[in-house]
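Notes for the one structure printed next.
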Amino acid sequence: MAAPRAFPPFPTLLFLSLLGILLRGSLSSVTYSHSSGADWDFSTGDCEYLDCSGTAAQIECCESSPILNHWQDQVDFTIQQPAHLCNFHGSTCLRIPETMELSDSCTEMVSGCRSALRHLHHMMFSPPGEAQQCNNFARKSVRGIFHDFMSNGPDGSVLSEHHVSMNFGLCRWAQYVNVLSDHTQCDSGSIIAMAAELGYEACGVPMWELDIAVKPAVHVNRPHACASNFNESPLYDPALSQRAEVFSDVQLSSNATAMEESWYAANGHTHGRGDGEVEYSAEAGAAAHAFGRVTCPPEGYDTNGAPSAHETGFFHVARTEEAEGDAKEFFYEAVNKISDTQCEEVDVGGGEAELHPTADGSRPESSSWPKMEGETDLNPEGGFCSMPTQFLGTVRIGGLHRIPRWMSITENSFRDPPERTEWQSECTDSIPLYIPYELLTLLDEVDVPSSPALTKFEEIAWDGIDRIDSAWDSCEVGCAIPVLENSLCGGGGLSDFDWELGYCDQGVGAGYACCDSACGTCSDDNVDPCRPATILAEARECKSSWDTSCMIPKTGDGGTCEADDDCNSDSCRGGRCCNAHGRSEGCDVCGMAGGNCVSCEAGFKKFGPLCVDECFCSDACVDCDCGVCSECEDTHFLGGDEGGDCIPKRSAGAICSEDGECSGGSCRGGNCCNVAELQDGCIDCNARGLCSECDEGFTLCGHTEEDQGQCVEGVSSYEFSFVCGTGGEGSDFPSTDGYNYCGMANHCPCSRAGCYMDCTIDEVCWGYNVARGGRGGNWPDLGWTYLEMGYDYEPALVLKDGALPPEEEPATMMPTEAPTEGEEEETNTPTDAPTEAPTDGEEEETNAPTGAPVTASPSPAPVPATEIEWTAGFTDEAARFATALAGADVVFTWSVYSNHNVFEMAGADEYAGCSFEGAVDLSAESPVTWTVPDDAKVGDVYYFACEVGSHCGAGQKVEVVIVEGGGGQAEEEEAEGGAPEEAEGGAPEEAEGG
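Counted the way the UniProt record's numbering counts, the sequence shown spans residues 1 to 994.
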């Protein structure tokens, strides 16, 4: 193990809200310079909330050390928002192990984990001077943290969970983690978390450049798991000791309900239902799939009950020479394909389409992205299309800032962590390491740890990077991972571990008994402890190839076998060990995916993972004629290929053709309605079971762009403008009413949840919307009002374009009771709201706060410009869409401290792929003004992006859609864009909402 080392200050760059740190105070003398020459001086800047506190070394670092100069690109990226730069700097100084006054045992522990990090880097990264390629070890390392997290958290328990079929392909990787942990004395969970962050980076994901606010660290020194740790996770079936069928690969790819439920289960200890951290999990998973592979046949049944028939292969094969030769180029190309081919558009009538996963979980066909040889057809991101209850509905892949946010939340998150073992360090502190800093000195100052076992893994590090059958790949159960031989579990050590040696390599065996070599023979004719009967009766399984006087482990469910006695389940059919389903009557052959039945004997038929009598009808059938049902219970309807099966009635939002197919008994517009939550007046339900179209006399309100629409009785001629921002005056993006909508993105009364956006709201909808407390019910029955929360904003109403004023004053915003005698009647109607359209030359009066946007009265005026805050797209997907009028100016602005430019892209494909071929350089000096052609048509789209670094891929891009043209309506086109599928806030509270 390398000796402890002393390092200069380094940043951990953790987002302060995640750490619960509130810093107040001021800095004395720290200056950062943008590469363009502009400076930001903390002593005169807006950092009065930053408190340089802690140890003497931390205070000195905070007050006088420009510690971020190691990463000029990040300073350029962050200096545009001084508040983030202050947090960047302050959190850095608070997260330096060398300034924490650590005990000797903690210093030694940190040194051990740094040694482990050095070997991980040695395994993943190309030699200096060579283009970085993504190898199979890096791919496994990213996959590994997901699988470890799913059972309980990144605690290393996945090393003891290889009997679960979803973990089979991690065999060699898990053996390596076990050996490295033993050698460095760094717990396996910490190694897995470090390996995941390094793996993303090695495979082209710029983990620490994607988000201006969140720069994930790894907390080392967690409890070391010496056994499996499922902790009654709802993701697993305890009867089978396997992943639950409803969460199989194919179910998650084809079933949006299964997908959101899987993440509610995995993330429920920190993020409840309706959220589930699904948007972050989706993006991080998609990034892993972008460079990942399907090496074992996918398991499970699709939404039609058909078994998986998906091909193995890479999720993406490079289309360009640039992507073939560089990991980062490959990643961005792969993410663009995944985003473009994620959801299937399903025609629901009336010229409308909804986004859904395909019924079998396959990737939708695309002329832009035809399937290539060597690619799998499985589409794991399909399940994120039209989720019925998650607040975003559909999570479209491409919000790359979510990747570091997922890592920041997940890398040290547990439902129930294991206890520390007695062989771990006396240090119990959780200490963060910021990997970009570690890499500054790691290669020069930390030796690569070495042992015979580690050398054997190094020899296969780059094996088969373009194949799915490399030395890192296996689909067989029974992988020998000697977890209990790890010295952190009290074992004798793993420096000579060799995965090619089988059990009882250093003993003498007889069947499944392994006697010590000193016995000479292992026979019941011998004496104890050399008698197989005695060893088998004790039933102590061998821990490693060199362990003796033990029972050789039998094969688990799905493993290869020749006889029943080879299997833990005592059932071998068709050369595979069977699980409880495979052992059912009539099963002829069991499969490798957990031992389920794959083939039935004559006189039987498949029914899910079971074999049943060929005349069997499901329990829901009340009238069965030898396998053909003619009547079902109320909870099912007749369906299936031949119409003789009982199919469970469909949940809210599912596609339907008649009322009887829906659990709520109502099918409107091609979708099942959520009758428990749907309000009166809806004539067309959407993919959530809520409303997309209302009857006459009703107004569609709510977050309609996220399929959260509800009908509210009434129609008004009035509307008003509103801004959902970060708070009152003095905040970086003031809200019209002073409320912080980034803290509670779902409260924004616009047509979608989020912040950093403005919108126009119907008068009727203001009374209903969640901002006034109306979410989930008709607005006259609200339990509280917005005013009761301490906000005194009332909207300034104006006439809608083309609307005629009603004869009487507008309806009040909230219902009131009749005033008592002598009491003045109070309403929420602004006293100066107009009842008639203002006459020419008459200025309209409003109650809008100073600076609040108000819709102007119709009158001749210059074509209004579209203003674009050019850095907003980094953290807010809604900012990547804008509208403009023909002949109008589009003005791009950004801080003088920022290094950006504006290019007009050649077209939609170049925009999607961040390709600047054929693009026009408009300018690199803010503001940049571009004028829409006078003859632009409604529906025309113009594309713009920043060409600096990876800014385009990180979200600095915008589509400008023409909504009022000078050349008429574009033929056969609808104006697309406007607002994205989903919108998230800016910097989140506890990393939520953004």
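All C-beta atoms, glycine included, are put in the ideal place defined by N, C-alpha and C.
Straight across, the Cα-Cα distance linking ALA258 with ASP565 is about 37 Å. In this structure, DSSP gives VAL948 a state outside helix and strand, which the three-state scheme calls coil. It is roughly 12 Å from the alpha-carbon of GLY591 to the alpha-carbon of GLY556. Contact holds between the stretch 133 to 149 and the stretch 278 to 298, because three or more Cβ pairs, one in each stretch, are under 8 Å apart. When secondary structure is reduced to three states using DSSP, TYR756 falls in the coil class, being assigned neither helix nor strand. Counting C-beta atoms within 10 angstroms of its own C-beta, CYS755 has 16 or more neighbours from the protein chains shown and is therefore classed as buried. Going by C-alpha positions, LEU678 is about 18 Å away from LEU392.
Exposed is the label assigned to ASP921, since fewer than 16 other Cβ atoms lie within 10 Å of its Cβ. Residues of the same chain with a CB within less than 7 Å of the CB of LEU536, apart from the 5 flanking positions on each side, are TYR512, ALA513 and MET551 in chain order. Cβ-Cβ separation between PHE247 and ASN152: approximately 16 Å, too far for a contact (criterion under 8 Å). Within the DSSP secondary-structure output, SER33 pairs in a beta bridge with ASP39. Residue nearest to SER111 within the set SER53, MET124 and ASN221 is ASN221 (criterion: CA-CA distance).
Between the C-alpha atoms of ALA288 and GLY490 there is a straight-line separation of about 34 Å.
The C-beta separation of PRO66 from THR107 comes to about 26 Å, leaving the pair out of contact by the 8 Å criterion. The C-beta of ARG880 has 16 or more other C-beta atoms within 10 Å across all chains shown, which makes the residue buried. Per DSSP, TYR264 lies in no beta strand (DSSP E); the unbroken alpha helix (DSSP H) holding it starts and ends at 256 to 267.
Of the residues assessed, VAL527 falls on the exposed side of the cut-off, its CB having fewer than 16 other CB atoms within 10 angstroms. The beta carbon of GLU311 lies closer than 7 Å to those of THR376 and ASP377 in the same chain, with the five residues before and after it left out. Around the beta-carbon of SER545, 16 or more other beta-carbon atoms lie within 10 Å, marking it buried. Apart from sequence neighbours up to five positions away, the residues of its chain that approach PRO234 with a beta-carbon distance below 6 Å are ALA265, ordered along the chain.
Its chain contains LYS554 and GLY556 as the residues whose beta carbon lies nearer than 6 Å to that of ASN568, once the 5 sequence neighbours on both sides are disregarded; these appear in chain order. The beta-carbon distance between CYS542 and HIS162, rounded to whole angstroms, is 15 Å. This is too long to meet the 8 Å contact definition. Between ASP473 and THR295, the C-beta spacing is below 7 Å. Following the DSSP letters along the chain, one finds GLU322 inside the alpha helix (DSSP H) bounded by residues 321 to 325. Taking a contact as a CB-CB distance under 8 Å, the pair GLY276 and GLU260 counts as one, their CB atoms being some 6 Å apart. Residue ranges of uninterrupted beta strand (DSSP E) with 3 or more members, entirely inside the stretch 494 to 529 and ordered along the chain, are 507 to 510 and 513 to 516. According to DSSP, residue pairing for CYS621 in a beta bridge involves CYS632.
Sequence-distant Cβ neighbours of TRP208 in its own chain, meaning closer than 6 Å and more than five residues away, are LYS215 and PRO436. With a cut-off of 8 Å on Cβ pairs, the stretch 570 to 585 is in contact with the stretch 603 to 619, counting three or more such pairs.
Under DSSP, VAL589 shares a beta bridge with SER599. Look at VAL446 here: in three-state DSSP terms it is coil, with no helix or strand label. Assignment of HIS162 by DSSP, reduced to helix, strand and coil, places it in the coil class.
Taking the C-beta atoms as reference points, PRO404 is found nearer than 7 Å to ASP211. The three-state secondary structure of TRP546, taken from DSSP, is coil. Residue range 708 to 713 is occupied by the beta strand (DSSP E) that includes GLY709. Judged by pairs of C-beta atoms under 8 Å, the stretch 55 to 72 touches the stretch 93 to 107, as three or more such pairs exist.
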